[in-house]
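Each number in the working numbering corresponds to the 1-based position in the sequence shown with 1274 added. Just so it is clear, CB atoms sit at the ideal spot from N, CA and C, and this is done for glycine as well. Just so it is clear, the structure is predicted and the values come from calculations on it, not from any experiment.
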Amino acid sequence: MPLSKGRNHVGTSNHLNTSKIAATGYGINNCFTKLVPPRCLVMHAKNKVKNFLFHRVNPVRDELWDPMDVGKFDQCVRYLSKNYLVLTLEEACDKSFSGTPDKPIATISFDDGYRDNLEYAAPILQKYGCPASFYIVTDCIDKGRMVWTQEIKHLFQCTTLLQFNSDLSYLPEKFRVAGWKDRKQRLAYARNIRDFLLTANPLVRECFLNNIRLAFPDVLPLNPMMSWAEVRELHSAGFIIGSHTRTHPVLPNLENAAEIEAEMGFSGCRIQEMLGSYPISMAYPFGAYDQKVSAAAYRTGYKYGVTSNQQWYYSDKDSPYAISRTLLSNEPWIKTLSRMNGSFERIKELIKGKPQHPWKSMLVATKGVKSAGVLTSEALNSFP
Ligand SMILES: [Zn+2]
1275 MPLSKGRNHV
1285 GTSNHLNTSK
1295 IAATGYGINN
1305 CFTKLVPPRC
1315 LVMHAKNKVK
1325 NFLFHRVNPV
1335 RDELWDPMDV
1345 GKFDQCVRYL
1355 SKNYLVLTLE
1365 EACDKSFSGT
1375 PDKPIATISF
1385 DDGYRDNLEY
1395 AAPILQKYGC
1405 PASFYIVTDC
1415 IDKGRMVWTQ
1425 EIKHLFQCTT
1435 LLQFNSDLSY
1445 LPEKFRVAGW
1455 KDRKQRLAYA
1465 RNIRDFLLTA
1475 NPLVRECFLN
1485 NIRLAFPDVL
1495 PLNPMMSWAE
1505 VRELHSAGFI
1515 IGSHTRTHPV
1525 LPNLENAAEI
1535 EAEMGFSGCR
1545 IQEMLGSYPI
1555 SMAYPFGAYD
1565 QKVSAAAYRT
1575 GYKYGVTSNQ
1585 QWYYSDKDSP
1595 YAISRTLLSN
1605 EPWIKTLSRM
1615 NGSFERIKEL
1625 IKGKPQHPWK
1635 SMLVATKGVK
1645 SAGVLTSEAL
1655 NSFP
């Protein structure tokens, strides 16, 4: 079913202002006056924002990358629309807000650009009147391919072959194999090579992907990503389209600032070419960033950079290039609910002390030797 047209609140210029926010119908002033009589107001900090991150939403289970169930997503959006003032990320993080909201502020975003975001998530968001941002990987849209980490997983899981007839001389010796004794060994190889490729030169990654596409012809290609026509449909329904880079690399692991800027700038220009304006915000793949990544986001024309370290974002003191988001996936409802109302972080803090950024080990490692094991398994399993 086609999406209904939006109220033109997609901000793609680099400068939002309060009159534009008010015109959207999602602005603080509108909600403030429409929903609650002034004498009953419970004031909430306008600079404190909880950003929620989703990936896939689908009724069909998928062992490759289990989507959030559609019914559960509906429950989530219903909960968020009832308990938060849901704004676009650009509105919520803008410091020029006036007024004081009667509920805590939240935003909703999606990473990677899956087709099921348009099919299942967008109609539910519209049902509850919630705006959202969708961060797309432009090469995946251009080439009709899934995110590379998922493609490796898909090919190694679905092939029946145990022989690997490829020239792998460009890889370290331990990865130059001619085959595996069984499926289990093949899947273990897939996990190890994926971890290696997260830190390797992007050309090595591309070579390896070409190798496996040819080596496993028994696997049908899968394309769960949106096409440009579908991205355009989301955009004209009033949702925001942001950049999630060109090829979905671990940005801090790229060789230099020029490579990081190329990933960000190219995807921004491609979105501008296809949708008519340069995106305002950028989502770092795997939530991984460091100082040079934030600086590159600024230099390539983005106003905001979003990550995923499960905390509140304070627009008056936190960097606009390190905006926290809380990841929601297909977990049991009680866990999802505790992440949405913030009790999950509080319990974790009580048990373990201060919450630790899942990318801490990576950020430390990238300052030193790049070839060190950089991604924690917790972080890897949370992302495609
Ligand atoms: Zn991603």
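query, result
"Anticipated Cβ contact below 8 Å, residue 1529 with residue 1475, distance rounded", "7 Å"
"Among 1368, 1385, 1479, 1535, nearest to residue 1341 - alpha-carbon criterion", "1385"
"DSSP-derived helix/strand/coil call for residue 1585", "coil"
"N- and C-terminal bounds of the alpha helix (DSSP H) containing residue 1545", "1531-1549"
"Top-ranked residue by Cα proximity to residue 1500, from 1508, 1277, 1494", "1508"
"Neighbour-count burial assignment, residue 1497, 16 or more Cβ in a 10 Å radius", "exposed"
"CB contact flag (residue 1359, residue 1375, <9 Å)", "yes"
"Rounded C-alpha distance that separates residue 1617 from residue 1321", "20 Å"
"CB of residue 1363 within 9 Å of CB of residue 1534, strictly", "no"
"Three or more C-beta pairs below 8 Å linking the segment 1560-1572 and the segment 1431-1440", "no"
"Beta-carbon gap between residue 1410 and residue 1440 smaller than 9 Å", "no"
"Residue from 1389, 1610, 1457, 1430 with nearest C-alpha to residue 1494", "1430"
"Same chain only: Cβ atoms within 8 Å of residue 1449, ignoring 5 sequence neighbours per side", "1442, 1463, 1466, 1467, 1470"
"Proximity test, residue 1505 beta-carbon vs ligand 1 heavy atom, cut-off 8 Å", "no"
"Chain-order list of residues whose beta-carbon lies under 7 Å from that of residue 1559 (same chain, five-residue window excluded)", "1518, 1519, 1522, 1523, 1524, 1525"
"Any non-hydrogen atom of ligand 1 closer than 8 Å to residue 1326 Cβ", "no"
"Exposed unless 16 or more other CB atoms sit within 10 angstroms - verdict on residue 1484", "exposed"
"Environment of ligand 1 in chain order, Cβ to heavy atom below 5 Å", "1385, 1386, 1559"
"Residue 1416: first and last residue of the uninterrupted alpha helix (DSSP H) it sits in", "1412-1417"
"Burial state of residue 1488 (16 or more Cβ within 10 Å)", "exposed"
"Contact set for residue 1421: own chain, Cβ-Cβ below 7 Å, skip 5 residues either direction", "1386, 1411, 1414, 1522, 1658"
"Residues of its chain near residue 1452, where Cβ-Cβ distance is below 8 Å and the 5 sequence neighbours each way are ignored", "1437, 1438, 1439"
"Residue 1386, DSSP secondary structure in three states", "strand"
"N- and C-terminal bounds of the beta strand (DSSP E) containing residue 1466", "Counting along the chain, residue 1466 falls outside any beta strand (DSSP E), though it belongs to the alpha helix (DSSP H) covering 1457-1473."
"Buried versus exposed, by CB contacts within 10 Å (16 or more), residue 1336", "exposed"
"Inter-residue spacing [alpha-carbon to alpha-carbon] between residue 1396 and residue 1578", "23 Å"
"Close beta carbons around residue 1573, own chain, < 7 Å, minus the five adjacent residues each side", "1535"
"Supposed close pair residue 1594, residue 1350 - CB separation, criterion 8 Å", "About 26 Å; that fails the 8 Å criterion."
"Selection from 1330, 1511, 1481 that minimises the alpha carbon distance to residue 1400", "1511"
"For residue 1379, the three-state DSSP class (helix, strand or coil)", "strand"
"Same chain, Cβ closer than 8 Å to residue 1383, five either side skipped, listed in chain order", "1325, 1326, 1327, 1328, 1363, 1406, 1407, 1408, 1409, 1516, 1557, 1580, 1599"
"Alpha carbon of residue 1457 to alpha carbon of residue 1392, nearest angstrom", "35 Å"
"Element boundaries [alpha helix (DSSP H), containing residue 1515]", "It is not in any alpha helix (DSSP H) - residue 1515 instead sits in the beta strand (DSSP E) that spans 1514-1517."
"Boundaries of the alpha helix (DSSP H) in which residue 1345 is found, first to last residue", "1344-1357"
"Residue 1321 in three-state terms, based on DSSP", "coil"
"Beta bridge counterpart(s) of residue 1437 as assigned by DSSP", "1453"
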